[in-house]
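This report refers to the structure that appears directly beneath it.
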Amino acid sequence: MSEARGTASGGSAWLRLVGAGLAYVAFGVLAQWHLLLQLGGHVYDQPILGNDSLLHVWTLAWGQHALATDPLRVLDANIFHPYPKTLLYSDHLLGLAVLLAPLRLFTDNVVLVHNLLVVAAPILNGLAMFALVRSLAERDDAAFLAGFLYAFAPLRFIMDLTQVQMLAAWWMPLMLLFGRRTLAYGRIASALATALCVLGQGTSSIYLTAFFAPFFLAAHVAWALEVPPARHGRRWALLLAAECAAGAALLPFALAYREVQTSLGAVRSPVLSALLSLTHLYWNSHALLPWGTMLLCSLLLGLSWRRLAPRVRPALAFYVVLVGCAVLLALGPTPSLPFGWGRIWGPYEALASLPGFTALRAPGRLIHVALLGLAVLAGLGFAAATTGRSRPWASGALTIVTLLAIAECWPPRFPTIPAPPPARLDPVYAWLARQPPAMRIVELPADVWPNRIQTYQYASTLHWRRMLGGNMGIVPPAYPYLASALRDFPAPAVLADLRMLGITHVVVHGSDLLPATRTELETRIAASQRWLKRRWARGRTAVYAIRPGLRATAIALPGVPLSREGWQATATHGADAAALAIDADPRSAWSSWHDLEVNIRTRWYDSTPFLQRYQRFLRTQPTRLIIDLGKERTAGGVAFRLAGSDPFAIPDLAVETSRDGMVWERAPAALRPLPDVRALVDQAPTLPLGVAFPQPLRLRYLRLSAQGLEWRVADVALYGTPES
C-alpha cells in the first residue's frame, strides 16, 4: 500500500485543503443563510411530534453541564425522574458535547452552540471526505467533488438538520483514512488518530456507529489484501492495539446501554424496522441523494476504471461492496419490489438479531453509509475519466459536474421555530434555578405524546431540576401513564402517585390551557388546598408544593388467582398466538402485531407490499384480545403482565367485561400499576397492571382493546374466591 504523496509539498496540500474548505464554507453559508440570521434564537422545525433540534440542544447542554459539575453522574440526566441513566434513552452525544465545550467559555446560549454545530457539520464532513479521496486518487479535483457530494447531499437538509447525531458524519471517512495510513506508514500518530476517530464516532451517534461497524471491519479485509499481515505484523499490531483501546473506552457505554434496555424491557419489533426503512419511511429516497451526479460519475467509473492505479483497485472493490450492502440493508426486513410486485425477505432482520442491533429501529439510516461509499466512487470515477486529459479539459469537466451537483444539492428553505432563552419563555424557569437542587417537578399541561414536554425539557437547561417528563428515543412507562392520569390533577390519588415517585412541586402553565380548561383546573386546585401549597405565581403560571402526608394506596386484588382451567383466548389480530397470553409462562406473550411480525419473519415473498398490509391493519382497529373463562366466575380483580408493550399504548388500553360475550361493560375501575406506581420503575420489564373491582363482579368474558400501537400480554390472572 502506498499513500498519496503528490508532487507538491505538504504545505501545498494544506493550502488545497483550505481552498476546498473555503468553497464548502461558501456553499454551506448560502444553504443555511436563513438559520445564520437567527443563529442564537431559532432551531430547525420538523414535521413530526416533538422537536429533535430542541432535544439535541438539551442533550449537548446536559453533557457539558454534568461533565463540568458531576462527571460521575453524567448519565443520570434530569429527565424521567426517578429512572436512572436517562441520558442513554437516546444518543448521549458526549463526544460532540466535549468537542463543543470550549464554546461555552464564550457563551451561555445553548441554542447558539447547537446551531454552530449544525452549520459547521456539513463543512467538516466535506473536508473529511476530501482528505480520504485525496489519499486514494491523488487528485484534488476528484477529492473536491467527493467532498461536496458527501457534505451537501440532499439528505443532509431533508433528514439531518434536526438530527445532529446523523449530521456529524465526519468520523467515518476519517476512520478509513487514518486506518489506511497506519498500515501504509506504521506511524503512531496515525494509529492514535484512528483511535480518536473511533472514540469520537462511538460517542457521537449510536446509529452511525452500529451501522458502520460491520463495514469498518470489512475494510480491514480490503487492507489485508494490500498490506498482508504476515509481512507487516508491526503495522497491523499498532492499528489493532489503537482500535482495541478505543473499543475498551467505549465498552462502558455499550454495557450501560444494554443495562438500560434490559431494565426497561425495551423491545424493538421488526414491524418498526420495516416501517422505518428506506422502502417506507423514506418513500422519497430518490430525493435523498444527488443521483444524477452520482450515476454520471459511476458510469464514468465503469468505463474508465482500468485507468486507476493498481493500488486503488482493492479499495474500489471495497466501496462497491459497501454501497451495495448498505443500500440492501437500508431497505429493511421487507424490501418492496418495483412495479407493485410485492416484497421479498431482506437480510436486515438477520443483522438486527445481533447483540446491540436489537435496540435499533431505523434501517433507513443505512443510507448514510451508502452515501459515504457513493461519494468515494464518484470521486474515483471522475479521477479515472479525466486521467491523461489536459488540465483545461479536466477543469471544464469538474465545472460541469460540480454545477450539476450544486443543482441537485441546492436545499429548499427549511422552516425554523423560535427557541428563546428559557427565562423569556416563562419567568418560572429563572425562579426554579434559584431553588434547592432537591426540588423535583412536573409541568402541566402534560402531553402523553411529545409536544409541550419538549419545550419544558429544553427550558430545564436554565435550572436543571429533576423532572418527571422528557422526550427521548426510548420513553419509560411511568411518564405516558402519569401524563394521562394528570388530566385528573389535583385528585389525591394523582398527588399520592407523584409523591411516591419523589415529585415535590407542580408547575402549572395556565397560558397553555384553553380558557374553559384553565378555569376548571383553578377551581379544582382551590378545593385542594389541604394537599397543595402555592409557592410562586406570576401571570398565568403558578408553582404548587405537594404537602407531605399523602400516601398512595397499594392495589390489593382480593382473593387468590383463580384456576385457568377451561379458559380460551381469541384475538382480532394474532389469533394463532392468543393462547400465549394465558399460558402461565411470563416468557411468552401475545402481541397485537403478531401477524405482522410473522409475515416478516416467515414469508420470504409476499404479493402484498408490507406497507399495504400495515395500512390494512390500521383500518381494522382497535385490536382486541378476548378471554373466555369457560363459565361465569365471581372475581374481585384482574392482573396483567404487559411486558414489551409500547409505553404509549398503556394509557389507551381498555378493560371490559361481559357475561354473555354480546354486551360489554367497561371495568368499574381504572387500569393501574400493581401494587402501586413504583412498579412502573422497579418492575418495568414485566409491566404489572391490573384492575381492582370495587365489589365482586360476575363475568365470563374479559376483553382488552387498544389502537394500532404494539401492546403485548404475557400473563392474565383473575382474582377471587375459588368456587366449590
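Under this note's numbering, the first residue of the sequence shown is numbered 352, with each subsequent residue one higher. All C-beta atoms in this analysis are idealised placements derived from N, C-alpha and C, irrespective of residue type, glycine included. Predicted model only: the values in this text are computed from it and were never measured.
| Asked | Found |
| --- | --- |
| Cβ neighbour criterion (16 or more within 10 Å) applied to Phe563 | buried |
| Selected residue, minimal CA-CA separation from Phe669, among Ala575, Arg952, Leu426 | Ala575 |
| Strand pairing of Arg791, partner residues [DSSP] | Arg817 |
| Best match in Gly1012, Thr709, Ala377 for proximity to Tyr1052 [C-alpha to C-alpha] | Gly1012 |
| Among Glu489, Met510, Ile825, the one whose alpha carbon lies nearest that of Leu1076 | Given that the chain is displayed from residue 352 to residue 1075, the structure contains no residue 1076 and the question cannot be resolved. |
| Length-filtered (4 minimum) alpha helix (DSSP H) runs lying within the stretch 864–947 | 866–877 |
| Beta carbon of Tyr965 nearer than 8 Å to that of Leu947 | yes |
| Close beta carbons around Pro473, own chain, < 8 Å, minus the five adjacent residues each side | Tyr375, Gly379, Ala382, Ala502, Phe503, Arg507, Leu518 |
| Neighbourhood of Val462 by C-beta distance below 7 Å, restricted to the same chain and skipping five residues each side | Gly391, Gly392, Val394, Val408, Ala770 |
| 4 or more residues per run - each alpha helix (DSSP H) lying fully within the stretch 475–514 | 491–503, 506–509 |
| Where Gln552 falls: helix, strand or coil (DSSP) | helix |
| Three-state class that DSSP yields for Glu759 in the structure shown | helix |
| Contact between the stretch 533–544 and the stretch 781–790 (3+ Cβ pairs under 8 Å) | no |
| Local Cβ density within 10 Å of Phe457, reported as buried at 16 or more and exposed below that | exposed |
| Start and end residues, alpha helix (DSSP H) containing Ala834 | 829–836 |
| Bridge partners - Ser441, DSSP secondary structure assignment | The partner list for Ser441 (beta bridge, DSSP) is empty, contrary to what the question assumes. |
| Cβ separation of Ser624 and Gly683, assumed to be a contact under 8 Å, to the nearest whole Å | 5 Å |
| Buried versus exposed, by CB contacts within 10 Å (16 or more), Trp692 | exposed |
| DSSP-derived helix/strand/coil call for Arg712 | coil |
| C-beta contact flag for Trp918 and Asp979 at 8 Å | yes |
| Per-residue burial, Trp634 [other beta carbons within 10 Å of its own, 16 or more giving buried] | For Trp634, the predicted structure reports a pLDDT of 47, less than 50, and the residue's modelled location is therefore unreliable. The matter cannot be settled from this model. |
| Spatial distance of Phe765 from Thr644 (CA atoms) | 23 Å |
| Ala990 (DSSP reduced to helix, strand or coil) | strand |
| Start and end residues, alpha helix (DSSP H) containing Ile854 | Element bounds for Ile854: n/a, residue is neither H nor E. |
| Own chain partners of Leu451 with C-beta closer than 7 Å, once the 5 adjacent residues on each side are dropped | Leu411, Val464, Leu468 |
| Cβ pair Arg586, Val578 closer than 8 Å | yes |
| Residues bridged to Leu1040 [DSSP beta-bridge criterion] | Phe991, Pro1024 |
| Cβ neighbour criterion (16 or more within 10 Å) applied to Arg1063 | buried |
| Residue burial classification, Cys676 (beta-carbon count within 10 angstroms, cutoff 16) | buried |
| Residue span of the beta strand (DSSP E) that contains Ala1065, given as start and end | Run containing Ala1065: none; DSSP gives neither H nor E here. |
| Pro766 (DSSP reduced to helix, strand or coil) | coil |
| Bridge partners - Ser1009, DSSP secondary structure assignment | Tyr1052 |
| Range of the contiguous alpha helix (DSSP H) that encloses His583 | Run containing His583: none; DSSP gives neither H nor E here. |
| Segment limits, beta strand (DSSP E) that includes His393 | 393–395 |
| Whole-angstrom C-beta distance between Thr545 and Leu590, which should lie under 8 Å | 7 Å |
| Cβ distance (whole Å) where Asp330 is taken to contact Thr513 below 8 Å | Nothing can be reported for residue 330: it is not among the residues displayed for the chain, which extend from 352 to 1075. |
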